[in-house]
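**Student:** Before anything else, here's the structure in question.
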Ligand SMILES: [Fe+2]
Ligand SMILES: [Fe+2]
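As structure tokens, this is what we get:
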């Protein structure tokens with residue numbers, strides 16, 4: 006058991022509410038998405054966000070997350086992410102609704118990733134920092150998945 010500072014507790018509560026919103030958004034948007042490939046991606050991300058919420062809840066209860074177990078999950082997530090080649094399917098069919106959902110989630114992931122980065126600097130325990138860093142990496146991966154999907158559908162054209 007670890008005694009968290011007031012600041013650590015406050016930051017974790019913010020992160021918890023962000024994860025809850027991410028779960029709710031991904032589930033909601035999976036039901037609204039027109040493209041089946043996009044639905045799959047949103048459902049997969051919703052599961053990751055649920056794991057993030059579990060980790061944050063564990064830390065809030067004063068327990069230090071087991072990073073050895075988590076790094077196993079990280080490998081699984083990394084391999085499943087690479088198997089899931091969102092750029093593979095080229096399509097001209099492009100729903101404005103899907104583009105809007107992607108744009109909103111990309112902005113959400115960007116914000117959440119930034120919040121993890123800021124929070125990490127306030128924690129005294131190395132294992133907690135590593136757990137938060139692990140989650141942040143997955144948020145960046147979510148952003149990359151969405152970016153790649155949008156690019157493959159011509160929704161996002163960086164110059
Ligand atoms: Fe998350
Ligand atoms: Fe995410």
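Residue numbers (this note's numbering): 6 to 164.
In this text, a Cβ means the ideal position worked out from N, Cα and C, and glycines have one as well.
1) Report yes if the C-beta of residue 151 is less than 7 Å from at least one heavy atom of ligand 1; otherwise report no.
2) Helix, strand or coil: which one does DSSP assign to residue 77?
3) Take residue 162 and list the residues in its own chain whose beta-carbon comes closer than 7 Å to its own, dropping the five residues that flank it on each side.
4) With DSSP collapsed to three states, give me the class of residue 151.
5) Which residues in the same chain as residue 16 place their Cβ atom closer than 7 Å to its Cβ, once the five residues preceding and following it in sequence are excluded?
6) Report the rounded CA-to-CA distance for residue 137 versus residue 49, giving the unit in angstroms.
7) Below 8 Å between beta carbons: does that hold for residue 13 and residue 61?
8) Using beta-carbon positions only, say whether residue 113 and residue 44 come within less than 8 Å of one another.
9) If you count every other CB in all the chains shown that lies within 10 Å of the CB of residue 38, and 16 or more means buried, which is it?
10) Once the 5 residues before and after residue 27 are set aside, which same chain residues still bring their CB inside 7 Å of it?
11) Taking the alpha helix (DSSP H) that residue 28 belongs to, which residues open and close that run?
12) DSSP three-state label for residue 69, please.
13) So residue 151 and residue 107 are supposed to be a Cβ contact under 8 Å. How far apart are they, rounded?
14) On the CB-based measure, 16 or more other CB atoms within 10 Å of its CB, does residue 33 come out buried or exposed?
15) Which stretch, first to last residue, makes up the alpha helix (DSSP H) that contains residue 121?
16) Just mark residue 109 as buried or exposed, buried being the case when its beta carbon has 16 or more other beta carbons within 10 Å.
**Tutor:** The relevant details are as follows:
1) no
2) Unreliable placement is indicated for residue 77, whose pLDDT of 42 sits below 50; the coordinate value is still reported in the next sentence. Of the three classes helix, strand and coil, the one that applies to residue 77 here is helix, per DSSP.
3) Correct list: empty, nothing qualifies.
4) helix
5) 124 and 127
6) 20 Å
7) Cβ distance not < 8 Å, so residue 13 and residue 61 don't count as in contact.
8) no
9) buried
10) 54, 113 and 117
11) Per DSSP, residue 28 belongs to the alpha helix (DSSP H) from 11-37.
12) coil
13) 5 Å
14) Classification of residue 33: exposed, given that the 10 Å Cβ count is below 16.
15) 101-125
16) exposed
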